[in-house]
Amino acid sequence: DHVVGNVELGKMDHWVDFYNRVMGFTNMAEFVGEDIATDYSALMSKVVSNGNHRVKFPLNEPAIAKKRSQIDEYLDFYQGPGAQHLALATNDILTAVDQLTAEGVEFLATPDSYYEDPELRARIGNVRAPIAELQKRGILVDRDEDGYLLQIFTKPLVDRPTVFFELIERHGSLGFGIGNFKALFEAIEREQAARGNF
C-alpha cells in the first residue's frame, strides 16, 4: 500500500524535491501540528505519490518537542534515514492478524479507551466488523470523505526499534488514518519508554 520513510530534521524538503524531480511524483498530502503530535513528541510528514496514487511514500521528519520522537529514535538506531515501515494491503485484516499472531508476530497494543471514545464511534459510523472484534485484535479504524480504513502496526521486527509493518484494509479511503495518528504515536511512545529511549 505504501512505504514510510524517516529523514533527518531539515531534510524533508530535499527528499520531497528529489521524488518530484527524479521520479515525477507529486505532493499528495501534508501533516503538521497537533494532528501528529502527543503531549511529549511530534513529527512532520509529507506524502509524495505517482500520478495514479498507487505508489505512495509518506516522509517523516522529527519536530522539536519535549522528548525524543519515534523518528529521532529510528534515525539513531538505523544510523540515518530509511524505510520506517511497509504498509501491506489486505482484503481481510481480521484473518491476517489472527494468522500472523498465531505465527508469533506481535502487534502494538491499543488501549480499550480508544474503542470506547464516543467521538471515535460517531466519526467512524458503520464498518464491516463489529467494534468488539477490532478491539480484541487492536485494529484501529478511521474514516474520511472517501470511505474508511482498518489498520494495525507490528512491533519492530528486529532487535532495534527500526522497521515494522502495517496491515491496512481500505474501504474507499485514500488516506493514512490521520484520526489514528495520535493513538499510534502514543503506542510507539509506550514502547519507547519500555526500551528506555523516551
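Under UniProt numbering, read the sequence shown as residues 1 to 198, first letter to last. Just so it is clear, CB atoms sit at the ideal spot from N, CA and C, and this is done for glycine as well.
Can you tell me whether residue i is helix, strand or coil according to DSSP?
i	result
Val4	strand
Ala96	helix
Thr26	strand
Leu108	coil
Ala65	coil
Gln79	coil
His85	strand
Ala102	helix
Ala132	helix
Asn20	helix
From residue i to residue j, what distance separates their C-alpha atoms?
i	j	result
Leu149	Asp72	28 Å
Pro58	Ala187	20 Å
Glu119	Val22	42 Å
Glu145	Gly172	9 Å
Pro81	Ser113	34 Å
Leu134	Arg190	20 Å
Pro62	His53	25 Å
Pro161	Pro130	32 Å
Phe176	Ala29	10 Å
Gly10	Asn20	17 Å
Thr101	Arg137	9 Å
Ile124	Asp117	11 Å
Asp17	Leu75	21 Å
Met12	Val97	33 Å
Val163	Phe31	21 Å
Asn197	Asn180	23 Å
Which residues does DSSP pair with residue i in a beta bridge?
i	result
Asn60	Asn6 and Ser45
Leu140	Gln151
Ala37	Ala42
Phe31	Ser45
Does the distance from the C-beta atom of residue i to that of residue j stay below 9 Å?
i	j	result
Ile139	Leu94	yes
Glu103	Lys155	no
Ala87	Asp1	yes
Arg68	Gln151	no
Ala183	Thr90	no
Leu43	Asn60	yes
Q. Of all the beta strand (DSSP E) runs that stay within the bounds of the segment 153-187, which reach a length of 3 or more residues?
A. 164-171
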